[in-house]
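So that you can map any letter, position 91 of the sequence shown is 91 in my numbering, and since no number is skipped, the others follow by simple counting.
Each residue gets a CB set at the ideal place from its N, CA and C atoms; glycine is no exception.
Scroll down for the structure; my scribbles are underneath it.
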Amino acid sequence: MLGQLGAPAAAPHLQSLMLALVHGTTRELHVLCVCQTEVAADERALLDVLSLAQAGRSLHAFLALRSILPAGDAGAALHSAEEIGAVLAQAGRFLPAPDGDARGFAWAPGPLPTRLAHYVLH
């Protein structure tokens, strides 16, 4: 699929994102069959993470990830999402960033990674 989008270099970053999800999720994620025409809420949230990361809205992407991952795993997943976004952008593929902010995301347990702490503290 990534090859069809002209972004095969995103594959290792997608694998890293999926590994962070598999190893760190704090709850079961709802994912529908690819044959379905609708997208589950968790699938929509992950697409939002990718689009927010690509748009440079890392804090909002991180907050969305924290609703399903502890801080360390969310930080790793955010890095992967940013890399996926960059590769897609290089291929001329841009995801529409969702409107709004991250209020309403639930936090999984754990501290905020140092890398993002300055966004919250300033």
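CB-CB under 7 Å to Val49, same chain, minus the five flanking residues each way: which ones, in chain order? Along the sequence shown, one-based indexing puts residue 49 at 49. If we look at Val49 and ignore the five residues flanking it on each side, its Cβ neighbours are Ala61, Ala64, Leu65, Ala81.
If you drop the 5 nearest sequence neighbours on each side, which residues of the same chain put their C-beta closer than 7 Å to that of Ala97? Numbered from 1 along the sequence shown, position 97 holds the residue referred to as residue 97. Within the same chain, Ala97 has close Cβ partners Ser51, Leu52, Ala55, Arg57.
Excluding sequence positions up to five away, which residues of its chain have a Cβ less than 6 Å from the Cβ of Thr25? Here residue 25 is taken as the residue at index 25 of the sequence shown, counted from 1. Only Ile68 meet the Cβ criterion.
Given a threshold of 16 other Cβ atoms within 10 Å of its Cβ, counted over all protein chains shown, does Val87 qualify as buried or as exposed? Taking the sequence shown and counting its residues from 1, one reaches residue 87 at position 87. Its Cβ being crowded by 16 or more others within 10 Å, Val87 is buried.
Residue environment, Gly85, which counts as buried when at least 16 other CB atoms sit within 10 Å: Stepping through the sequence shown from its first residue, residue 85 is reached at position 85. That one is buried.
The alpha helix (DSSP H) enclosing Met18, as first and last residue numbers: For the purposes of this step, residue 18 is taken as residue 18 along the sequence shown, with counting starting at 1. Taken as a continuous stretch (DSSP letters only), the alpha helix (DSSP H) holding Met18 covers 11–24.
Report, in whole angstroms, the separation of the C-beta atoms of Leu21 and Ala77, which I expect to be a contact under 8 Å. One-based indexing of the sequence shown puts residue 21 at position 21. One-based indexing of the sequence shown puts residue 77 at position 77. That pair is a contact at about 7 Å.
In this structure, does DSSP put Ala40 in helix, strand or coil? As a first step, residue 40 is located in the sequence shown; it is residue number 40 there, counting from the start. Coil at Ala40, not helix or strand.
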